[in-house]
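J.: Take a look at this one; I'll ask things after.
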Amino acid sequence: MVLEGTELRLSEGAGGPVLVLLHGIGSNMTSFDGLSALLPEDWTLAAWNAPGYGGSQPLSADWPVAADYAGRLSAVLDAAGMNRVLLAGHSLGTLMAVAFARLHPDRVAGLVLLACAQGHGAAPGILGEKAQARLDDLAAMGPEEFARSRAPRLMYRPDAMPAVRDKAIAAMSAIRPVGYGQAVRMLATGDQKGDAESVRVPSLVMVGEKDAVTAPEQSRGVHDALARAAPDLPHVFRSVPDAGHILHQEFPEAVGAEIVRFEASLAGAREAAR
């Protein structure tokens, strides 16, 4: 379906929690297919194509910040009738998720952050050398060659998981320059740890032990910031052995089990508080 100019893949459960899934910079909603298939049938799952990805309209700002993506997400959730959700993001999606939780804490039952992308904290209009190189490579190579050169790096052992590798390549091959460009510029200005320091929601942070894209220390730092901001709430950190950057695709069973366990702990706390 398309809501507020944004593609949303919705699987409606009956009575379970609502889990919203935000993909990373070189991917799309399909990156959560394997994980979604392992989650309880009574859960409602909503995975979006971020602005400028797939058939989703780009943001109006050429140089958006994380709050702009959070604003689009808020409008999408309003249109879907989703008031309070468990919000999960991967990589760039974690920046969006934390920004949303900072702006709308009452709408977030809990955060699930996978392989946190810290952001570079630059002022809008300033693009670092590595960020510019991403855009230059995409323009020079085209999406398919760009994906073949970059997507395998997202995994620890790509040759040992060819189906996962090929799915990652296919998703990256589908990126659109307008959406990717906006996402790169948002990443340049992002400051996830700074945002996390003012977020008061429960959290589960997970990272691949062999993540070569977003170092595990980054995810640990975000976890620590969230725990400092809300020491009275549950905060869980998990490292997945032999997993790279796309841990939810390499080891969906491990990631799914942790998400289910985390949600059960939140449900138990809500029940005890009644």
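Here the sequence shown stands for residues 1148 to 1421, where the numbers follow my numbering.
Here a beta-carbon is modelled for each residue, glycine too, at the ideal position from N, C-alpha and C.
Since the structure is predicted, the reported quantities are computational estimates derived from the model, not experimental observations.
(1) Would you kindly check if the distance between the Cβ of residue 1339 and the Cβ of residue 1255 is under 8 Å?
(2) Can you tell me which of the three DSSP states residue 1235 falls into?
(3) I need the boundaries of the beta strand (DSSP E) containing residue 1166, first residue and last residue.
(4) Can you look up residue 1336 in the DSSP assignment and give me helix, strand or coil?
(5) Taking the alpha carbon of residue 1178 as the point to measure from, which residue in 1280, 1208, 1277, 1319 has its own alpha carbon closest?
(6) Less than 8 Å between the CB atoms is what I'm expecting for residue 1329 and residue 1199, so what's the real figure, rounded?
(7) Can you tell me whether residue 1324 is buried or exposed, with buried defined as 16 or more other CB within 10 angstroms of its CB?
(8) Express the C-alpha separation of residue 1241 and residue 1356 in angstroms, rounding to a whole number.
(9) What's the gap between the Cα of residue 1317 and the Cα of residue 1309?
(10) Leaving aside the five residues before and after residue 1185 along the sequence, list all residues of the same chain whose C-beta is less than 7 Å from its C-beta, in chain order.
(11) Put residue 1373 into one of helix, strand or coil per three-state DSSP.
(12) From residue 1272 to residue 1215, what distance separates their C-alpha atoms?
(13) Classify residue 1159 as buried or exposed, calling it buried when 16 or more other Cβ atoms lie within 10 Å of its own Cβ.
(14) Just checking my contact of residue 1193 with residue 1229 at CB under 8 Å: how many whole Å lie between their CB atoms?
(15) With DSSP as the reference, label residue 1407 as helix, strand or coil.
(16) Is the region 1374 to 1393 touching the region 1277 to 1294 in the sense that three or more CB pairs, one from each, lie closer than 8 Å?
(17) Could you work out which residue in 1268, 1237, 1187, 1222 is closest to residue 1333 when comparing CA atoms only?
(18) Leaving aside the five residues before and after residue 1148 along the sequence, list all residues of the same chain whose C-beta is less than 7 Å from its C-beta, in chain order.
(19) Mind checking which residues open and close the beta strand (DSSP E) that includes residue 1097?
(20) From residue 1220 to residue 1303, what distance separates their C-alpha atoms?
(21) Looking only at its own chain, which residues have a Cβ that is under 7 Å from the Cβ of residue 1305, when we skip the five neighbours before and after it?
(22) Going by alpha carbons, who is nearest to residue 1353 out of 1172, 1391, 1412, 1322?
(23) Give a yes or no on whether the C-beta atoms belonging to residue 1190 and residue 1176 are separated by under 8 Å.
T.: With the structure as the only source:
(1) Position 108 of the sequence shown, counting from 1, holds the residue named residue 1255. Position 192 of the sequence shown, counting from 1, holds the residue named residue 1339. Cβ distance not < 8 Å, so residue 1255 and residue 1339 don't count as in contact.
(2) Position 88 of the sequence shown holds residue 1235. Strand at residue 1235.
(3) Looking up residue 1166 in the sequence shown gives position 19. Note, residue 1166: beta strand (DSSP E), 1165 to 1169.
(4) Start at 1 with the first residue of the sequence shown, and residue 1336 comes out as number 189. Residue 1336 falls in the helix class under three-state DSSP.
(5) Numbered from 1 along the sequence shown, position 31 holds the residue referred to as residue 1178. Answer by Cα proximity: 1319.
(6) Position 182 of the sequence shown, counted from the start, is the residue given in the question as residue 1329. Position 52 of the sequence shown, counted from the start, is the residue given in the question as residue 1199. With a Cβ gap of about 5 Å, residue 1329 and residue 1199 count as contacting.
(7) For the purposes of this step, residue 1324 is taken as residue 177 along the sequence shown, with counting starting at 1. Its Cβ having fewer than 16 others within 10 Å, residue 1324 is exposed.
(8) In the sequence shown, residue 1356 corresponds to position 209, counting from 1. In the sequence shown, residue 1241 corresponds to position 94, counting from 1. Going by the C-alpha atoms only, they are around 18 Å apart.
(9) Translated into the one-based positions of the sequence shown, residue 1317 becomes position 170. Translated into the one-based positions of the sequence shown, residue 1309 becomes position 162. Going by the C-alpha atoms only, they are around 12 Å apart.
(10) In the sequence shown, residue 1185 corresponds to position 38, counting from 1. Contacts found: 1399, 1400, 1403.
(11) Residue mapping note: residue 1373 aligns to position 226 of the sequence shown, counting from 1. Of the three classes helix, strand and coil, the one that applies to residue 1373 here is helix, per DSSP.
(12) Working through the sequence shown from its first residue, we reach residue 1272 at position 125. Working through the sequence shown from its first residue, we reach residue 1215 at position 68. Cα to Cα, the separation comes out at about 16 Å.
(13) Position 12 of the sequence shown, counted from the start, is the residue given in the question as residue 1159. That one is exposed.
(14) Residue 1193 sits at position 46 when you count from the first residue of the sequence shown. Residue 1229 sits at position 82 when you count from the first residue of the sequence shown. 7 Å between Cβ atoms; contact.
(15) Within the sequence shown, residue 1407 is the residue found at index 260, counting from 1. Residue state, collapsed to three classes: helix.
(16) no
(17) One-based indexing of the sequence shown puts residue 1333 at position 186. Looking at the Cα atoms, 1268 is the closest of the given residues.
(18) As a working mapping, residue 1148 is identified with position 1 in the sequence shown. For residue 1148, where only same-chain residues beyond five positions count, the Cβ hits under 7 Å are 1155, 1157.
(19) This structure cannot speak to residue 1097, because the chain is shown only from 1148 to 1421.
(20) Sequence index remark: in the sequence shown, residue 1220 carries index 73 (1-based). Sequence index remark: in the sequence shown, residue 1303 carries index 156 (1-based). Taking the straight line joining both Cα atoms gives about 31 Å.
(21) Counted from its first residue, the sequence shown places residue 1305 at position 158. Once the five neighbours on either side are set aside, the close Cβ partners of residue 1305 are 1299, 1312.
(22) The residue given as residue 1353 occupies position 206 in the sequence shown. The option with the nearest alpha carbon to residue 1353 is 1391.
(23) Working through the sequence shown from its first residue, we reach residue 1190 at position 43. Working through the sequence shown from its first residue, we reach residue 1176 at position 29. Going by C-beta atoms, residue 1190 is not nearer than 8 Å to residue 1176.
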